[in-house]
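Heads up, the sequence shown is in the numbering used here, so the first residue is 731 and it goes up one at a time.
Note that beta-carbon positions come from the ideal geometry of N, C-alpha and C, so glycine has one too.
Given the structure is predicted, the values throughout are model-derived calculations rather than measurements.
A quick write-up on the structure given underneath.
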Amino acid sequence: MSVTQTRRTDLVLDIADLDGSMLAEVGGKAGNLGELTRAGFPVPPGMCVRTEAYRRVAESADLDEVQHALADTPPTDVPALRLLAERARSALLAAPVPADVADAVIAGYTRLGDDVPVAVRSSATAEDLSFASFAGQQDTYLNIVGEASVIDAVRHCWASLWTDRAVVYRASNGIDHRTVRLAVVVQRMVDSAIAGVLFTANPVTGRRHEAVIDASPGLGEAVVSGAVSPDHFVVDVRRRTILDRRIGDKRLVIRSVPGGGTKQVELHAGDASGRACLTDDQVVALAGLGTRVEDHYGAPQDIEWAVDEHGAMWLTQARPVTTLYPLPSSASAPGEGDAAAAPRVYFCFSVAQGLYRPITPMGIAAFRVMASGASRLLGSPVTDPLAGPTVLTTAGQRLFIDVTTAVRSRVGRALLPRILGVMEARSAAIMRHLFADPRLTMAHPSWLPFLRRVGRVALRHHVPPRLAYALIRPAKARAALSRIGIEVDRRLAVPDDATPAQRLDAAVRILGEVAPLVPRILPVFGAGFAALHLAGRLLGDDARPGDIPTVLRGIPHNVTTEMDLDLWQVASRVRADAAATGLFLTAGVEELAERYNAGSLPPAAQQGLEDFLRSYGHRAVAEIDLGMPRWSDDPRHLLGVLTNYLRMAEPDAGAASPDRLFARGVAEAEAMVGTLADRAARRGRLRGRAVRALLGRARQLAGVRELPKFHLVQAIATARHQLALVGAALTSSGRIAQPDDVFFLDLAEARAALDGADLAEVVTERRQAYDDELRRRRIPRVMLSDGTEPEAQLQADGQKGGPSGESDVGSDGRLVGTPASAGIVTGTARVILDPVGARLEPGEILVAPSTDPGWTPLFLTAGGLVMEMGGANSHGAVVAREYGIPAVVGVHDATERLTTGQQVTVDGTTGTVRPSAPRPSPSTE
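Written out as structure tokens, the structure reads:
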């Protein structure tokens, strides 16, 4: 305890008595300052007015009505949030400060010295958190002198909990306003000669152990507020060298005024603008101090610092850098002296599969088992199937694949850009950039090991004869695939009387047996795409932009397209029943779900949905995550989609209905086959016949590409069902609180729970971490083991990062992506981040981060598609082509650059999106 001998029950505590565990009492900023003080870092002495003081003042201000109104206000309604914030601020400023609170503040201030200048800073309980820093959301008052002035500054800090920016920030981060309180830090003022901000990791590129320092003369407020162009330094903290320096103009200085307050001083050109305000030694020393703070917390920090007139360095604030993406779990940071060591390269498998949201722990565990099966298939069995192959890792609860060996091999450099070019085009451009990194020089120049392994696997699973058979007998090859479905059903069977332990074993077995089925399906659709490629080679320049994608419109035998059209047929049956249609258009989704579960929907809807779920109930949004409920578990999403379909006006539901659009796509595709064959025939009759035959084979076989995932999701759904029964057993025995808690364990932990381990606390921590990750918007496509996000590095260096190396934005404001489905459409944008509960009006342009099959029912009413992720052969692109919807994918930050209600023109032939201006207020779903 400090010399002031304050107690935790006091209204005012000494900073030296605080630590990071006291968030509820002193807020994030004060807790961190106390933690730094106790660790021996140079922190100005001071005190903290506890949150209890704020609670008492807020009670007298009677904020209940405002807080309830805020709880009912959507985060996108910024004007309403601002009005409510103003009401709360006014009420707090009008409320009297209780006498004992004022006395405690004055006593604490007196202990710092007689009329000593102080900095008065807000410290909210929702501030400086691991997932949200709340930087700059509340107010700070500098160089405050005198008891009355300190009391007034404390009062204004309390009111600043309700600044417009703080209220909007809390709303957007899903933090309940009623749970937040504010403490106030009062610290002896550092009359700084130089001050600024230090990041212990590069906040732009993500690179760890690379400090970034902004510095300017005077008080740090000039830098923090953005009022000045500061000196900028980038430091390699391991080598203790300055990598980059940019001298700012530093035309404005904020200085303390004797007697209290601050003033802005404008400097003349030449006063300080031509030279750095810090020496090289000071820059390196600051970076070293920051590294010590980072080591103390075990995570990169955002630090505010000051250097006084004697050259002493002070820390005035430290908080986590919340914008950095977590390092992959398998990434080992190089040791001292290894700054130039080759980093590992990780590709985000989650995002490539259209999944931005985090994956549940059990979902990750399932992928490890499935990856072990795939590794065994490729002739590299893993020692522990539950751990999975070493190339599979996690970061931020997303799946990443270590592709370092591929990046550093001749084979990988040839194949990676081609594969990613059709599935995730922007990642392909990033990989090409990495090939030039001198740390990632080629280490595996020979093709032979790769060819031997692929040859062995192909021969073992009869891939060449199956591919040839598919080309010669496409109908029979497809018919043979139906037998795989029968085999899948057989493998998924689990006895009804199985024990919980047997069900857990069955889940592991089912997940491990999925991969061997793929080589039997791959040759069929592989033959289709091989035929398409060969036809393209034969056509050469006779195939104009958009022609080949047109051939792929309305492709038959695609299980996802068939699923969407079947759901449309359910809507058509409901539409034919006036009473059923009326119910869907007036009742909420919750009521419809209750009626469905009770079997009391009108027969057309009840029977239609039951039939649909019998075939597709194993599917879901984010369906590759075993922890996500299936449509058969929770049909609310489907009921919402059906309601959207029924809202379509009768003309839209007729001539522009999805089944007719699909049929139109078939006709256009077949006409294009004839056109291309005729063009090829001008260079030879045989060439024309070959093109017609190859394009025909492509149409007959390419649709099968969705079948492997269909069966994979079947296996995931069956394993989920078995694990849900395990969860029910664990709930009955008191090991977890509710059955679906089992999805926040992994397979080994579920086994331990069956053996008696109580894992309720583990589940609680995992659920909180999962909820925190749900807030994360930016997921790197590719990252390095040192934290660098190459795409961000390209942009920071001013290089072009578009899918083909071009700029993301054209000179005329067009957004540039990858052409995915030919055609041009102009319509109203609808930005949707999560399809569950989303409403897309007929003809609107769907703007999404990415999509998986759970999104595709929305495609039936979309006029066009814009995605941040994907390539020409990614899931969203394929489905868009089949419906004849113009689509552009791989559009960087599309969900932020476009807004709901904005008019946009999507050109799926050239791969551009032209937004209108001005833009409406941002809104997303």
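{"Asked": "Leaving out five residues on either side along the sequence, give the residues of the same chain with a beta carbon under 6 Å from the beta carbon of R1435.", "Found": "F1255"}
{"Asked": "Buried or exposed for S1110, please, with buried defined as at least 16 other CB atoms from any protein chain shown within 10 angstroms of its CB.", "Found": "exposed"}
{"Asked": "Quick one, which of M1043, D807, R1366, P1359 has its alpha-carbon nearest L1322's?", "Found": "R1366"}
{"Asked": "Are T1625 and L1563 close, meaning C-beta to C-beta below 8 Å?", "Found": "yes"}
{"Asked": "Would you mind working out which of A1428, R1508, G1543 sits nearest T1664, comparing C-alpha positions?", "Found": "Within the shown structure, residues of the chain are numbered from 731 to 1655, placing residue 1664 beyond reach of any answer."}
{"Asked": "Should P774 and V920 be called a contact, given that it needs their Cβ atoms to be closer than 8 Å?", "Found": "yes"}
{"Asked": "Look up G1557 in the DSSP assignment and say whether it is helix, strand or coil.", "Found": "strand"}
{"Asked": "According to DSSP, is K1206 helix, strand or coil?", "Found": "helix"}
{"Asked": "For T1046, write down the residues that DSSP places opposite it in a beta bridge.", "Found": "Note: T1046 sits in no beta bridge, so no partner."}
{"Asked": "Quick one: using the 10 Å Cβ neighbour count with 16 as the cut-off for buried, is P1194 buried or exposed?", "Found": "exposed"}
{"Asked": "Given this structure, state the Cα-to-Cα distance separating T840 from L741, to the nearest angstrom.", "Found": "15 Å"}
{"Asked": "Where do the N-terminal and C-terminal ends of the beta strand (DSSP E) with Y1346 fall, by residue?", "Found": "Here Y1346 belongs to no beta strand (DSSP E); instead the alpha helix (DSSP H) covers 1333-1346."}
{"Asked": "Measure the CB-CB distance between L1431 and G1258 and report whether it falls below 8 Å.", "Found": "yes"}
{"Asked": "Looking at the unbroken beta strand (DSSP E) that takes in Q1031, where does it start and where does it end?", "Found": "1031-1038"}
{"Asked": "Which same chain residues end up closer than 7 Å to P1469 when comparing Cβ atoms and leaving out the 5 residues on each side of it in sequence?", "Found": "A1454, G1457, A1458, T1461"}
{"Asked": "Measure the alpha-carbon distance for R985 versus A883 and round it to whole angstroms.", "Found": "18 Å"}
{"Asked": "Beta-carbon separation of R1511 and S1080 under 8 Å?", "Found": "no"}
{"Asked": "Should V987 go down as buried or exposed, given a rule of 16 or more other Cβ atoms within 10 Å for buried?", "Found": "exposed"}
{"Asked": "To which residues of the same chain is G1418 closer than 7 Å at the C-beta, ignoring the five residues directly before and after it?", "Found": "A1407, D1408, A1410, A1411"}
{"Asked": "Which of the three DSSP states, helix, strand or coil, is assigned to V1187?", "Found": "helix"}
{"Asked": "Looking at the secondary structure, which residues open and close the alpha helix (DSSP H) in which A1104 lies?", "Found": "1091-1107"}
{"Asked": "Note down the Cα distance separating T1316 from D830, rounded to an integer number of angstroms.", "Found": "57 Å"}
{"Asked": "Compare the beta carbon distance of I1033 and G1041 with 8 Å and say whether it is the shorter of the two.", "Found": "no"}
{"Asked": "Under three-state DSSP, which class holds T870?", "Found": "strand"}
{"Asked": "Would you mind working out which of V958, F963, P1388, R1005 sits nearest L1016, comparing C-alpha positions?", "Found": "F963"}
{"Asked": "Please go through the same chain and pick out, in chain order, the residues whose beta-carbon is closer than 8 Å to the beta-carbon of D1582, but skip the five residues on each side of it.", "Found": "Q1083, G1084, L1085, V1351, A1352, E1353, I1354, H1605"}
{"Asked": "With a threshold of 16 other CB atoms inside 10 Å of the CB of I1575, please say whether the residue is buried or exposed.", "Found": "buried"}
{"Asked": "Let's test the definition: count the other Cβ atoms within 10 Å of the Cβ of K1206 and tell me whether it reaches 16, buried, or not, exposed.", "Found": "exposed"}
{"Asked": "Can you tell which of A1482, T1171, K1439, W1044 has the C-alpha that lies nearest to the C-alpha of V1075?", "Found": "T1171"}
{"Asked": "Going by other Cβ atoms of all chains shown within 10 Å of its Cβ, with 16 needed for buried, is A931 buried or exposed?", "Found": "buried"}
{"Asked": "Could you have a look at P1194 and say whether DSSP puts it in helix, strand or coil?", "Found": "helix"}
{"Asked": "Provide the residue span of the alpha helix (DSSP H) that contains S902, from first to last.", "Found": "894-902"}
{"Asked": "Confirm, please, whether the CB-CB distance from G1638 to A1155 is below 8 Å.", "Found": "no"}
{"Asked": "Just the C-alpha distance for L1145 and R1239, rounded to the nearest angstrom, thanks.", "Found": "32 Å"}
{"Asked": "Since G776 sits in a beta bridge, which residues does DSSP pair it with?", "Found": "Q917"}
{"Asked": "Apart from the five residues on each side of it in sequence, which residues of its chain come closer than 7 Å, Cβ to Cβ, to V880?", "Found": "V835, Y839, V848, V850, I874, V916"}
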